[in-house]
Amino acid sequence: MSDPGKDYEVGYGRPPKHTQFKKGQSGNPKGRPKGSKNVDTMLRETLLRPVVITENGKRRKITALEAFFRQTLKSALEGDARASDKLLKLLPMLQNALEREAIETEAAAAEAARDDRPVLAALAAMMGGAVDDLFLANQLEASDD
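The sequence shown begins at 0 in numbering that gives the first Met the number 0 and counts up by one.
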């Protein structure tokens, strides 16, 4: 077998061996330092850091984001138009979150009912009835209240 250095053909996408990075050598030695933070990380850490507030004479820890929302609400209630505008712009986000939460809750309830059906069937069989009889009895009790 011949010397591997002589068989290597230099060309497009095949730089000379002596100019290639050595094993363990970085191609970007002064690149991003380890542990440096991007904007998302800094924003998340800033908004989620705990701050101490005094409420009704008691000290409590809440996130800086929650403190910001509380202060904005307080300013809006005192008549600050800019604070009111900020809150009004946030209302659609709140509404979307509430709708998503309702959908997730409904889906979880449906899944729980589906999971409970075999257990209820076994219970009804032990009691000598059917699952639908149990549901009917439960609905009748609820309507009596």
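Ideal placement from N, C-alpha and C gives every residue a C-beta, glycine not left out.
Coil, strand or helix - residue i by DSSP
i    : result
E98  : helix
R13  : strand
F20  : coil
S1   : Its pLDDT being 49, under 50, S1 is placed unreliably in this model, and the value from its coordinates should be taken loosely. Note: S1 maps to coil in three-state DSSP.
D79  : coil
K33  : coil
P28  : coil
M126 : helix
E8   : coil
Proximity of residue i and residue j at Cβ, strictly below 8 Å
i    : j   : result
A82  : A75 : yes
T62  : R48 : yes
Y7   : K16 : yes
S104 : L86 : For the sequence presented, residue 104 should be read as Thr rather than Ser. No.
DSSP bridge partner residues for residue i (one or two, in chain order)
i    : result
V145 : Lying outside 0 to 144, the shown extent of the chain, residue 145 is not represented and no answer is given.
V50  : I61
Cβ shell of residue i (< 7 Å), same chain only, five flanking positions each side left out
i    : result
E98  : none
A106 : none
Other residues of its chain near residue i: CB distance less than 8 Å, five sequence neighbours each side excluded
i   : result
V50 : K60, I61, T62, A63, A66
Residue i beta carbon near the ligand ADP (any heavy atom closer than 7 Å)
i   : result
N27 : Ligands displayed in this structure: none; no statement on the ligand ADP is therefore possible.
Neighbourhood of residue i by C-beta distance below 6 Å, restricted to the same chain and skipping five residues each side
i   : result
D46 : For clarity, residue 46 is Leu in the given sequence; the question names Asp instead. Correct list, in chain order: A63, L64.
M41 : none
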